[in-house]
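Numbering (UniProt numbering), first residue to last: 1 to 479.
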């Protein structure tokens with residue numbers, strides 16, 4: 001196996017551990033779904049060889065990875081952006097890891113973080129740019145409780161939040177119904193007492209800064225119990241690492257406050273969903289290649305990149321909108337960016353050029369991705385689509401500066417405007433038909449693509465399609 005960390009990296013890491021009086025090292029890696037997994041070591045069991053040669057583990061126990069007869073894999077610690085776990089009882093340092101394939105003696109082709117690194121290397125090998133910057137806006141909900149049941153004769157969920165309009169007439173045990181609630185789609189930027197989450201968001205921000213994330217905007221979002229905390233952009237892998245850190249901190253702070261946080265795209269029927277708006281730009285030699293004077297301070301290269309993303313968006317959705325629940329967000333009427341066009345400042349388009357961008361700030365905001373995606377795979381796929389647009393000089397078409405939410409489906413079809421898929425099945429099928437752009441530079445291999453689609457069909461599509469929905473009893477029970 002190649003040496004992943006230099007002697008200097010290892011020495012610096014141990015110096016950090018000594019300074020912080022670290023007792024445990026928590027090695028974390030991301031699976032296909034995007035879930036963070038971990039393996040802990042007492043600091044006395046961590047030496048130079050472990051950090052440079054890696055840690056054996058059973059990859060057959062991770063879904064969509066190895067079979068039992070070829071289960072041995074190696075976790076490769078990446079001694080960059082490690083940080084002290086703010087939640088552990090004992091002083092613990094968290095270390096990001098990639099996965100090494102001991103059979104092929106190469107980075108594991110199903111490791112999402114390794115895929116993101118291959119996408120960045122592919123960009124650099126093409127000579128087009130030396131860096132791709134990504135910035136994610138991760139919206140989330142913080143609820144008071146959730147109950148879920150999934151059995152043969154009964155399926156339901158029940159969410160509760162003190163902000164929920166359904167609690168307007170509730171009698172609280174030992175307390176008063178204070179009555180200040182955001183209401184349906186009324187949650188954008190209210191002050192307390194209507195905004196009940198101001199203090200918990202502030203606590204989240206403090207912890208995010210503690211683990212090395214630079215935050216800026218902090219506010220209540222449109223839906224009931226919904227919030228957003230802006231985190232500074234970074235290079236592709238760094239930005240995906242930051243999403244994992246953000247999700248961990250938000251969930252843990254909520255948990256320790258007796259609440260439950262979710263990044264699920266559409267947990268509330270009839271209210272706005274949560275997205276992962278993703279800002280992207282390409283740079284070379286310290287210059288922003290998206291800066292220009294062709295359209296709204298953007299370059300021709302930027303527009304060709306955009307053309308690639310729009311051309312491949314329906315197949316991209318398999319990675320950027322990676323759950324069956326994703327497509328309950330992408331419906332008209334809830335600021336859902338399902339219409340595949342672009343505009344300056346227009347939030348009804350799936351791609352927006354933010355107000356006043358120019359020079360170093362020139363970028364696109366892709367508004368359709370959501371948090372059910374694996375950030376490493378989503379960012380890598382967006383980059384690959386954009387690079388295909390550059391290679392083929394794809395025209396994104398004319399911008400649309402109208403309120404697209406007011407268009408009927410017939411008007412959308414008459415104008416020839418494409419939409420994102422309406423289901424995860426459709427997105428996966430689009431991806432399987434239009435996958436060649438993903439495979440360039442062996443970034444997404446055929447083996448990974450087949451493993452991914454099989455995992456998604458087995459774990460989400462088939463189970464979702466085969467279950468009766470409560471609403472179907474309302475419409476069909478008396479047929």
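Every residue gets a Cβ at the ideal spot worked out from N, C-alpha and C, and that includes glycine.
For residue j and residue i, the rounded distance between their alpha carbons
| i | j | result |
| --- | --- | --- |
| residue 78 | residue 96 | 6 Å |
| residue 51 | residue 173 | 54 Å |
| residue 251 | residue 123 | 34 Å |
| residue 238 | residue 143 | 29 Å |
| residue 276 | residue 54 | 33 Å |
| residue 10 | residue 464 | 46 Å |
| residue 189 | residue 278 | 21 Å |
| residue 324 | residue 206 | 33 Å |
| residue 397 | residue 224 | 37 Å |
| residue 443 | residue 454 | 19 Å |
| residue 170 | residue 196 | 17 Å |
| residue 353 | residue 401 | 11 Å |
| residue 194 | residue 370 | 26 Å |
| residue 424 | residue 125 | 33 Å |
| residue 478 | residue 326 | 30 Å |
| residue 341 | residue 49 | 51 Å |
| residue 363 | residue 274 | 22 Å |
| residue 228 | residue 156 | 27 Å |
| residue 92 | residue 249 | 15 Å |
| residue 269 | residue 330 | 12 Å |
| residue 103 | residue 57 | 14 Å |
| residue 7 | residue 15 | 12 Å |
| residue 407 | residue 19 | 60 Å |
| residue 99 | residue 47 | 19 Å |
N-terminal and C-terminal residue of the beta strand (DSSP E) that residue i is part of
| i | result |
| --- | --- |
| residue 139 | 131-143 |
| residue 215 | 215-220 |
| residue 320 | Residue 320 -> not in any beta strand (DSSP E); alpha helix (DSSP H) instead, spanning 300-320. |
| residue 228 | 226-231 |
| residue 158 | 155-160 |
Sheet register partners of residue i (DSSP bridge)
| i | result |
| --- | --- |
| residue 278 | 136 and 366 |
| residue 419 | 339 |
| residue 28 | 38 and 96 |
| residue 73 | 57 and 101 |
| residue 288 | 283 |
| residue 538 | Missing from the structure shown is residue 538; the chain here goes from 1 to 479 and no further. |
| residue 261 | 142 |
| residue 351 | 342 and 366 |
| residue 376 | DSSP lists no partner for residue 376. |
| residue 295 | 298 |
| residue 235 | 133 |
| residue 449 | In the DSSP output, where bridge partners are listed per residue, residue 449 has none listed. |
| residue 107 | 100 |
| residue 148 | 157 |
Cut-off 8 Å between Cβ atoms - residues of its own chain near residue i, not counting five sequence neighbours on either side
| i | result |
| --- | --- |
| residue 440 | 122, 384, 387 and 388 |
| residue 283 | 129, 130, 131, 132, 133 and 289 |
| residue 230 | 137, 215, 216, 217 and 218 |
Opening and closing residue of the alpha helix (DSSP H) in which residue i lies
| i | result |
| --- | --- |
| residue 426 | 424-433 |
| residue 119 | 112-126 |
| residue 437 | 436-439 |
| residue 78 | Premise fails: residue 78 is in no alpha helix (DSSP H) and is neither H nor E. |
| residue 463 | 462-466 |
| residue 204 | 198-210 |
| residue 17 | 7-20 |
| residue 193 | Looking at the DSSP string, residue 193 is not in any alpha helix (DSSP H), and its letter there is neither H nor E. |
Cutoff 7 Å; reference residue i; Cβ partners in own chain excluding five residues on either side
| i | result |
| --- | --- |
| residue 245 | 211 and 213 |
| residue 183 | 165 |
| residue 94 | 26, 28, 82, 83 and 85 |
| residue 66 | 59, 60 and 73 |
| residue 5 | 51, 52, 77 and 79 |
Close Cβ partners of residue i (< 6 Å) along its chain, the five nearest in sequence each way excluded
| i | result |
| --- | --- |
| residue 431 | 315 and 318 |
| residue 302 | 290 |
| residue 427 | 317, 318 and 421 |
| residue 90 | 23 and 24 |
| residue 380 | 115, 116 and 119 |
| residue 80 | none |
| residue 145 | 160 |
| residue 300 | 294 |
| residue 311 | 394 |
| residue 181 | 163 and 165 |
| residue 328 | 266 |
| residue 322 | 372 and 373 |
| residue 262 | 141 |
| residue 343 | 349, 399, 400 and 401 |
Contact with chain C by residue i, beta-carbon distance below 9 Å
| i | result |
| --- | --- |
| residue 5 | Absent from the structure is chain C; it holds one protein chain and no more. |
Would the stretch 49-69 and the stretch 94-113 be scored as touching if the rule is three or more Cβ pairs under 8 Å?
Touching, yes.
The stretch 131-141 in contact with the stretch 220-234 per 3-pair CB rule at 8 Å:
Output reads yes: the stretch 220-234 touches the stretch 131-141.
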